[in-house]
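According to my numbering, the stretch in the sequence shown is residues 2 to 646, in order. Beta carbons are placed, not taken as given, at the ideal position from N, Cα and C, and that holds for glycine. Note sheet for the following structure.
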Amino acid sequence: MDTTLTDPLLSVVLDQRYRVTGRIATGGMAAVYEAQDERLERTVAVKVMHQSYAEDASFVARFITEAKSAAALNHPCVVSVFDQGTDNGYTYLVMEKVDGHTLRDVLGTRGRLDAAEAVSITESVLEALTVAHRNKLVHRDVKPENVLISADGLVKVADFGLARAMEGAKRHTANGVVMGTVTYVSPEQILSGDADPRSDIYAVGIMLYEMLTGAPPFTSQSAVNVAFQHVHSDIPSPRKTVPDLADALSELVVSATRREPDQRPADAGIMLARLRALRDQLGLRTVTVSGMGSSPRPPIPSMRPNPTSTQVMRPKDDGPTQLIPAIRDTKPDADATALLPAIPQHYSGAVPRSSHRAERDKRWWVIPAIIVSLLLVAGLVGWWWGSAGTTITPGVVGVTKAEAERRADKVGLTVKYTSAEYSQTVKKDHVISQKPEANEEIEEGGTITVVLSKGPERLTVPKVAGLEEKEAIAKLNDAELKYTITRDNDPAVPKGTVIRTEPGEGEKISRGGSVSLVISKGEKNVVVPNVVGLPASQAKTQLEAEGYVVTIAGDPAGTVTAQNPPAGTSVAPGSTVAVTAQSQLIVPDVTGMKYDEAKKHLEGMGLRVDKGVGSKRGTVLLQTPGPGTPVRPGDKVTLHLSLDD
C-alpha cells in the first residue's frame, strides 16, 4: 500500500467518516484506497473516481448506478459494497477490504493449477456470477485480477465496475466503445459492444483454460492481434497442452468458449450445474490453492500495452476491430469492482490464507511515474490515430487469385506470386499456400507471398497397342501411370498382345488416374456339339464342317457311342474330337439303380432311354430289353421304376 504524502487524498476524511490511510492501486477510471471507517471502527477499501471522470455527469451517473446495484447484493463470493457518496468533489464507493491474493498472483507464482484447484476456484466464481445473472447484471470484466483469494480461504469476485443492467447494455455501448479485458473479452463484445451473461461465460472459460494450462489461449504484444484471434479463431482444447487432462473437463472449457454465444451455456447457473456434475463425475474434491507466500510481489509495471489489462476497443470502418490498451498501473484495476447477488446454494471454494495488499510505492517514484504515464498516453494517441503499425494477415488459402488480392488490399497489403504448382486438391488459379500464414502479425503495407495452383497434373497415355503384355506394363510404369488389365478375344490379335488402352493413346489423365490395358485372348472358343447316337460317318461330316479334327475308334460303319471332349465343352477352334462307334451293343443290367444313374449309363453307351411306370425318384425294378440282349446303337431301353425310394 502506498502511503506517500504527495497524494492529496491521504489523511482526508470523506463524509466525516472514512479516513484515507493509503493507496492500494490506481486504474484507468479510479483509484482504490485503504481507509478507516471511524464510525464502525473497521478497515475498508474506498474507490475514488478520477477527477477527469468525476466532472463528466454520465460517468458519475454510471458510477452511482454501480454502487446502488452492488450494494443490494450479498454473497460470500462477492466483494461487499457498504456505501457510496460525493464529498468535496470526490465521488467514491466504500467496499469490503479483502486481505489476500488475486488469482493472478497465484498463477504468476504457480503456473498452471491442478484440476481440483481450478474447478474449486471456477465453482466459486460461477456462484458469484449466478447471482449477478439472476439479478440481470453482467460483470463484463471477469479475469484473474478480479478474483480475490482472501486470508481466510474464501474466493471472491471483485470489480463489477463494468457491470450493467442487461436492459441498458445496448444504450451504454451505443457509441461503439467496448470496455473489457482483451485476453478474456468475448467476440460479440469486440464486434458490437454487446454483452450478456454468455459474455461472462466466455471469460470464465478462458480463465479456466489458463488455470489448467498455465497460459491464456491467445497471447501477443499487440492487443489488436489478441482481439482478432478471439473473433476469428476457435479456442483450442486444453488437452492439446495438457494431454492427460480429463476429456469432460476439456469439453467444458470448449463449450464455454464457443465463438457463437448461442452455443455457450446461457448463464452462470447453467454452467455451474454442469461444473458440479463434472466434479462429481471425476471425483474431484473441493480444495484450497497452495503455493503462495504471505507477501506476494506486485507485478512489474510494463511500458507496453498489456493484453490482460482492461482495454477500450473502437471498431474502425476501414479494417478489423481494433483494441486500445488502457493506460493503467499493473496493480489490481480500480475501475472494475462491483458486486454479485447472493444465491442460496452451498458455497465451496476455500483457498489458502494470504495477504492481498500490494507493496508500498516509494515516494520518489511518483513524479517519474506521472511523467511516464503522460508519455504513454501521448504515444498511444499517436499510435491510435495514424501510425502505420502492424496488421493481421488475412487467410487466402483456397480462394481465387482475385479474392486473395481483394482480401490483402482490404488491410493494406499486396500479393506476390511465386511459380505455380500442380495440386490434386486445389483448383486451378486458386491459392495453395501463403507466407506469412493467416492471422500472423505483419507490417502495414507488407507483402503476402502466395503459390497458385495449376490444377491437377495431367499425364499423357503412351502408345502400347500391339505390344506384348510385359512390355506394355513397363512403358506405363515409365509414364508414372497406374493400370488395370482386362482380357478379350480377338482373332486378329495374337494371344497376350495389347489390343487397345482405355483412355486411348495420346489422351490426358490426372496423376493417380488409371489406364485399362485390354489384352487379347486370341480367337473365341467354340462349344463341342453332341454327336453320340449318330452314325459315325454323319458325326464326322458334322464336326469337320465346324472346323474340328475328327478321329474314329471302333466300327466306322457303326453308331457313335462316346465322344471326347464331351458335348458342351468350350475348346479352341480346330480342336480334335475323338468318337467311338460300334455296330452292336449288349444291354447292361441296370436294375436296382436310381433312374438318373441308369439313364446316364445307358445313354453313355449310345442307347436311348424311355421311362415306364413309377417315379423318377424311384429305383429301376424292370428293364426292357433285359440285361444281355444284343441291340444296335440308338435303340431304346424302357425302365420301370418303384413309386418312390
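K496 and L518 have their C-alpha atoms spaced approximately 14 Å apart. V82 is positioned such that its CB atom lies no closer than 8 Å to that of I122. Within its own chain, the residues whose Cβ lies closer than 7 Å to the Cβ of T401, once the five positions on either side in sequence are excluded, are D430 and H431, listed in chain order. Contact annotation: E444 and T391 have beta-carbon atoms nearer than 8 Å. For L460, the uninterrupted beta strand (DSSP E) segment begins and ends at R459 to T461. The residue from R633, R43 and L246 with its alpha-carbon nearest to that of A582 is R633. Residue pairing from DSSP places Q85 in a beta bridge opposite L94.
Contact check for M212 against L114 passes: the beta carbons are separated by less than 8 Å. The beta carbon of Y54 lies closer than 7 Å to those of M30 and F60 in the same chain, with the five residues before and after it left out. The beta carbon of R259 sits closer than 7 Å to those of R265, all from its chain and outside the five residues before and after it, given in chain order. In the structure shown, D590 adopts coil according to DSSP, grouped into three states. Checking the DSSP bridge columns, you'll see Y418 partnered with V451. Between R20 and R40 a beta carbon distance of about 11 Å is seen, past the 8 Å cut, so the two are scored as non-contacting.
Counting only runs of 4+ residues, the alpha helix (DSSP H) found wholly inside the region 171-258 occupies 188-193, 198-214, 224-233 and 248-257, in chain order. Within 10 angstroms of the beta-carbon of P218 lie 16 or more other beta-carbons, which makes it buried. The region 531-538 makes no contact with the region 502-515: fewer than 3 CB pairs, one atom from each, lie closer than 8 Å. For the pair of segments examined, the region 219-233 was found not to touch the region 263-279: the number of CB pairs separated by less than 8 Å stays below three. Counting along the chain, the unbroken beta strand (DSSP E) around H102 starts and ends at G101 to T103.
DSSP places R260 in no alpha helix (DSSP H); its state is neither H nor E. Restricting attention to A405, A421, G467 and A480, the CA atom closest to the CA of I449 is found in A405. Looking at the DSSP output, S434 sits in a beta bridge with V452.
G270: member of the alpha helix (DSSP H) spanning A269 to L283, first to last residue. Assignment of N526 by DSSP, reduced to helix, strand and coil, places it in the coil class.
If you draw a straight line from the Cα of F229 to the Cα of N478, it comes to about 50 Å.
When C-alpha distances from A204 are compared across L192, S193 and H231, the shortest belongs to H231. Beta-bridge pairing by DSSP links A579 to T552 and N565. In the structure shown, D597 falls within a helical segment according to DSSP collapsed to helix, strand and coil.
By the Cβ neighbour-count rule, L623 is exposed, with fewer than 16 other Cβ atoms within 10 Å of its own. The residue among V499, Q190, L11 and Y423 with its C-alpha nearest the C-alpha of R488 is V499. If you check the CB distance, S200 and R141 come in under 8 Å. Per DSSP, K471 is one residue of the alpha helix (DSSP H) stretching across E470 to D479. Between the alpha carbons of T394 and R24 lies a distance of about 43 Å. Between the C-alpha atoms of E261 and E189 there is a straight-line separation of about 8 Å. Under the 8 Å Cβ criterion, the region 522-530 counts as touching the region 565-572, having at least three qualifying pairs.
Straight-line measurement puts the Cα of Q543 at about 32 Å from the Cα of T625. Of all alpha-carbon atoms in Q85, Y549, L279 and R240, the one lying nearest the alpha-carbon of K69 is that of Q85.
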